[in-house]
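Here the structure is laid out as structure tokens; the discussion comes afterwards.
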Amino acid sequence: MPLPSPVGPAQAAHRTAPPAVIELRQYTLRPGRRDELIDLFDRELVEPQEEAGMAVLGQFRDLDDPDRFVWLRGFRDMTARHHALTDFYGGPVWSEHGPRANATMLDSDDVLLLRPEPALRPEPALRPEPAGSGFPAPSSGRPPVGTPPPDRFVAATVWFFPPGHEGVALIRDGLLPVLRETGPAPFALLATEHARNTFPRLPVRAGENVVTIFTSYADEDAHRRHLAEVAAHPLARAEVLPGIERAQTAEAQRLRLRPTGRSLS
């Protein structure tokens, strides 16, 4: 059995520090091949990415599209992202397994580059604490290969705002308090990272200004009940939701996600 690769300080840092850069990746796959990709991904591609210096934060089946695979990975910063992607995609693991993974895909370029946002507006007199991503760290323990998918249900919403618009304030200061009051609080609040993509081999969607939240539920019924509570909330109905609707440039994307057996989220 081969020994694990040594992990140096740069590669190990992501295991303790929350990621400051996160990719939301949505892949359109060839019909009927999603389970093939998930099996390959969870068996062969999780630990090697983390050994290269990135954090695999969540892998999901899209419940509204049987040919879509959604996943997230995080990096300590943009410099660490460049080094980690260079090492992984130029290394032996991707050389061996990349062709088979790519063969399952029709499109892998639907990628949003995001940054974690504080869940609360910082008090003016206080120094803001760094934003945590809300995603579990790999060191928290990942289920082993072959673990069945959990019953857990994850909902994500992506709002699209005009360039330069502080849409994050609408979500953080208006919607998040209502969400906390009526159901489980989102575990992650993310907004567009506007830094230049320094790894052009993997494109990202340029010119976007988005805000997204992720929330975990025991099941989909709990999610439906939460949505109904939000819609019926007087403040949300009268001010918060109409304000978001007026500001957004396109209808929000709502993802209904089922984690894979090895997903941390």
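Using the numbering used here, you'd call the opening residue of the sequence shown number 1318 and step up by one each time. Just so you know, even glycine gets a beta-carbon here, dropped at the ideal spot from N, CA and C. From a predicted model like this one, the values you see are computed outputs, not experimental measurements.
Collapsing the DSSP output to three states places VAL1495 in a helix. The three-state reading of DSSP puts ARG1489 in helix, counting H, G and I together.
Here VAL1521 is buried, its C-beta having at least 16 other C-beta atoms within 10 Å. Sequence-distant partners of ALA1369 (beyond 5 residues in either direction) whose C-beta falls short of 6 angstroms from its own C-beta, in its chain, are ALA1401, ASP1404 and PHE1405.
Residue range 1395-1406 is occupied by the alpha helix (DSSP H) that includes THR1403. Boundaries cannot be given for ARG1522, as no alpha helix (DSSP H) includes it and DSSP labels it neither H nor E.
According to the DSSP secondary-structure assignment, VAL1527 is paired through a beta bridge with PHE1477. The beta carbon of LEU1519 sits closer than 6 angstroms to none of the beta carbons in its chain outside the five residues before and after it. Contact between PHE1531 and VAL1471 holds, with the beta-carbon distance rounding to 6 angstroms and staying under 8 angstroms.
One Cα belongs to ILE1355, the other to THR1577, and the distance between them is close to 8 angstroms. Here GLN1366 carries a helix assignment [DSSP, helix/strand/coil]. Classified as buried, VAL1363 has 16 or more neighbouring CB atoms from the shown chains inside 10 Å of its CB. When DSSP states are grouped into helix, strand and coil, GLY1560 belongs to the helix group. Less than 7 angstroms divides the Cβ of GLY1375 from the Cβ of LEU1389.
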